[in-house]
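Down below is the structure, laid out as structure tokens.
Chains as they are written, first to last, in the working numbering: chain A, 1 to 308; chain B, 309 to 616.
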């Protein structure tokens, strides 16, 4: 990894404006992912091309940036959370590939370009997803967590959050909810497991990478859950109100797929209010952090205002 | 785990006949898997039912038994490799679910019953596979390897063997080979990556669980590669010659799917001779182990003679 790359230092500088912070963080993660993923000319080429296609050249890198920002907020160097950040982004890319498959949400566009199965065929897309999940765990196994955490703590974090009682459980109920009447308990379950769990996991992994104590890791996990719920509510609002080009994925696809969303359950106004409520709860938790967290506060408020 | 269960002691007794050894090992793994997998009444139920359906009630448990037998051969208690054995079996079940999907090999029967996607639908089958892969990594992260290995060595083993340059790479080329002329180099690549790598991984994990030195781990990994190649060649022979009921999966499906197999490339006689050659090479490696390995030798010869 080139620690002198032009985006590394600005990302580590707490004084730069948030937009620059985000854009440098995104470049750093993008570049490190490009180096860490298997090269496209390695056998089997089509698989490695599909993995790189799905991982690179798009995405906000929110999960990776959160892990690195939290690590730095807690006084450790941001690059200590770089490897976890790459694993989070590879994991996130795997979930998007599988979610877009015809037997799941059947979406053809992702991050402004054809979905992986449109570009490489269903079998290669499915296997590229499998390979990214496997690679994420491999990267984390090579990254020993600092004390007081057990060495394999980062693998445990990702596999717990990403398993049958986390992200995958959320996706199962998300599909099941398409044929059921709207239900608030189910909506909260889906948003918590499918979206907020991985964002909370990113926050926990950032704290673990900084060597934070268990109570700080838990505090930041709770922060991440509220942030993730607010994030998903804004996502639902954008899907209902923005256009496809701005989103990079088909607008209105939730309604087309009869997805159970905040907008469908609560309408626009209450959805907005709920997103604001969870943002406030996330900010309240940051107050308890007992260290300057201005950058995290800015990031939290920014996500409520985003239009992409 | 109930270490007084009726199958535990016979499995640890080097004097019992091989068939008893295998059947007790199978019962031990089956029972421990049943305990370790999420209960079917935990949310989301359909996902946990699908995971249990795909993992339990069938299979030879060859990979798990190999890991435990090697651990015991090297002088450690077999149960030290139990957790890795469960992870190997969960991982293997995930590959079978995904391989059977319509966009892959499109097979409807597995282990003598309807494939997971026939029983639970494509989306739930795909997600059950994802969840089993995730769970396998989670179990291994909780199982610290003994010295001289790094604590997360078992996760590294499984994710390296199971990744894009291992099992998944083999599956990609296996699908690609269906539309290409038969080619020996490609056949060896597919058999090595798709089948032998995971069997070699099981052997390495058994050795690591016993705290063996790196050179013994490598020796047993090479043993596992030859054993795995012989195993796959016998599989190809059985697919071409046995009937569906004996196999527990559709006989002749290789020919139907235009699979690149040893039988298609070499015919029955040379395939048999190659399986015998790899079995001999596996046995030669066991000679170098410098400890009594009668049980492993019996197991190695048995796999050449199997008719299921």
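Glycine included, every Cβ here is placed at the ideal spot set by N, Cα and C.
Cβ distance (whole Å) where residue i is taken to contact residue j below 8 angstroms
{"i": "residue 441(B)", "j": "residue 402(B)", "result": "4 angstroms"}
{"i": "residue 112(A)", "j": "residue 89(A)", "result": "Their Cβ separation, rounded to whole angstroms, is 17 angstroms, which puts residue 112(A) and residue 89(A) out of contact at 8 angstroms."}
{"i": "residue 210(A)", "j": "residue 460(B)", "result": "In fact, because the Cβ distance is near 19 angstroms, the residues do not count as touching under 8 angstroms."}
{"i": "residue 193(A)", "j": "residue 167(A)", "result": "6 angstroms"}
{"i": "residue 590(B)", "j": "residue 608(B)", "result": "5 angstroms"}
{"i": "residue 467(B)", "j": "residue 137(A)", "result": "5 angstroms"}
{"i": "residue 410(B)", "j": "residue 172(A)", "result": "That pair is no contact at about 19 angstroms."}
{"i": "residue 462(B)", "j": "residue 392(B)", "result": "6 angstroms"}
Segment limits, alpha helix (DSSP H) that includes residue i
{"i": "residue 165(A)", "result": "Segment: none, residue 165(A) is in no alpha helix (DSSP H) and carries neither H nor E."}
{"i": "residue 10(A)", "result": "8 to 12"}
{"i": "residue 564(B)", "result": "561 to 564"}
{"i": "residue 381(B)", "result": "370 to 381"}
{"i": "residue 604(B)", "result": "602 to 613"}
{"i": "residue 217(A)", "result": "214 to 241"}
{"i": "residue 197(A)", "result": "197 to 209"}
{"i": "residue 397(B)", "result": "390 to 408"}
{"i": "residue 592(B)", "result": "570 to 595"}
{"i": "residue 26(A)", "result": "18 to 36"}
{"i": "residue 434(B)", "result": "430 to 449"}
{"i": "residue 355(B)", "result": "353 to 363"}
{"i": "residue 455(B)", "result": "Neither: residue 455(B) is in no alpha helix (DSSP H) and is coded neither H nor E."}
{"i": "residue 188(A)", "result": "184 to 190"}
Length of the line joining the Cα atoms of residue i and residue j
{"i": "residue 413(B)", "j": "residue 439(B)", "result": "20 angstroms"}
{"i": "residue 206(A)", "j": "residue 196(A)", "result": "15 angstroms"}
{"i": "residue 365(B)", "j": "residue 588(B)", "result": "32 angstroms"}
{"i": "residue 417(B)", "j": "residue 423(B)", "result": "5 angstroms"}
{"i": "residue 66(A)", "j": "residue 512(B)", "result": "37 angstroms"}
{"i": "residue 355(B)", "j": "residue 13(A)", "result": "45 angstroms"}
{"i": "residue 548(B)", "j": "residue 329(B)", "result": "29 angstroms"}
{"i": "residue 61(A)", "j": "residue 26(A)", "result": "6 angstroms"}
{"i": "residue 224(A)", "j": "residue 293(A)", "result": "14 angstroms"}
{"i": "residue 564(B)", "j": "residue 473(B)", "result": "27 angstroms"}
{"i": "residue 267(A)", "j": "residue 561(B)", "result": "52 angstroms"}
{"i": "residue 55(A)", "j": "residue 179(A)", "result": "31 angstroms"}
{"i": "residue 489(B)", "j": "residue 527(B)", "result": "34 angstroms"}
{"i": "residue 538(B)", "j": "residue 586(B)", "result": "5 angstroms"}
{"i": "residue 125(A)", "j": "residue 559(B)", "result": "28 angstroms"}
{"i": "residue 238(A)", "j": "residue 387(B)", "result": "53 angstroms"}
{"i": "residue 92(A)", "j": "residue 615(B)", "result": "43 angstroms"}
{"i": "residue 578(B)", "j": "residue 492(B)", "result": "13 angstroms"}
{"i": "residue 610(B)", "j": "residue 604(B)", "result": "10 angstroms"}
{"i": "residue 38(A)", "j": "residue 477(B)", "result": "12 angstroms"}
{"i": "residue 541(B)", "j": "residue 583(B)", "result": "6 angstroms"}
{"i": "residue 606(B)", "j": "residue 367(B)", "result": "20 angstroms"}
{"i": "residue 186(A)", "j": "residue 244(A)", "result": "27 angstroms"}
{"i": "residue 499(B)", "j": "residue 404(B)", "result": "15 angstroms"}
{"i": "residue 228(A)", "j": "residue 68(A)", "result": "17 angstroms"}
{"i": "residue 430(B)", "j": "residue 10(A)", "result": "46 angstroms"}
{"i": "residue 235(A)", "j": "residue 3(A)", "result": "34 angstroms"}
{"i": "residue 98(A)", "j": "residue 15(A)", "result": "39 angstroms"}
Proximity to residue i [Cα-Cα], best of the options
{"i": "residue 30(A)", "options": "175(A), 15(A), 86(A), 51(A)", "result": "86(A)"}
{"i": "residue 8(A)", "options": "22(A), 14(A), 28(A), 23(A)", "result": "28(A)"}
{"i": "residue 598(B)", "options": "360(B), 523(B), 538(B), 566(B)", "result": "523(B)"}
{"i": "residue 35(A)", "options": "5(A), 44(A), 16(A), 13(A)", "result": "5(A)"}
{"i": "residue 213(A)", "options": "186(A), 223(A), 81(A), 147(A)", "result": "147(A)"}
{"i": "residue 378(B)", "options": "516(B), 543(B), 609(B), 352(B)", "result": "516(B)"}
{"i": "residue 408(B)", "options": "436(B), 384(B), 391(B)", "result": "436(B)"}
{"i": "residue 508(B)", "options": "593(B), 324(B), 494(B), 488(B)", "result": "593(B)"}
{"i": "residue 119(A)", "options": "51(A), 225(A), 261(A), 258(A)", "result": "51(A)"}
{"i": "residue 384(B)", "options": "465(B), 453(B), 501(B)", "result": "453(B)"}
{"i": "residue 485(B)", "options": "467(B), 462(B), 573(B), 529(B)", "result": "573(B)"}
{"i": "residue 464(B)", "options": "494(B), 506(B), 478(B), 429(B)", "result": "506(B)"}
{"i": "residue 566(B)", "options": "482(B), 535(B), 543(B)", "result": "482(B)"}
{"i": "residue 612(B)", "options": "534(B), 332(B), 551(B), 425(B)", "result": "534(B)"}
{"i": "residue 163(A)", "options": "469(B), 443(B), 447(B)", "result": "443(B)"}
{"i": "residue 595(B)", "options": "580(B), 429(B), 381(B), 406(B)", "result": "381(B)"}
{"i": "residue 82(A)", "options": "249(A), 221(A), 202(A)", "result": "202(A)"}
Residue i: CB within 7 angstroms of a non-hydrogen atom of the ligand HEM
{"i": "residue 340(B)", "result": "No copy of the ligand HEM occurs in the structure displayed, which carries no ligand at all."}
Just by C-beta distance, which residues in the segment 163 to 181 of chain A are closer than 8 angstroms to chain B? 163, 164, 165, 168, 169, 171, 172, 173, 175, 176
Taking a cut of 8 angstroms between CB atoms, which residues from the segment 45 to 67 of chain A lie near chain B? 46, 47, 48, 51
With 7 angstroms as the C-beta to C-beta threshold (strictly closer), list the residues of the segment 112 to 137 of chain A near chain C in chain order. Here the protein chains are A and B, and chain C is not one of them.
The segment 12 to 46 of chain A: positions lying closer than 8 angstroms to chain B by Cβ: With the criterion set as a beta carbon lying under 8 angstroms from some beta carbon of chain B, the members of the segment 12 to 46 of chain A are 38, 42, 43, 44, 46, in sequence order.
Anything in the segment 83 to 113 of chain A with a Cβ closer than 9 angstroms to a Cβ of chain B? List those residues in chain order, please. 94, 95, 98, 101, 102, 103, 104
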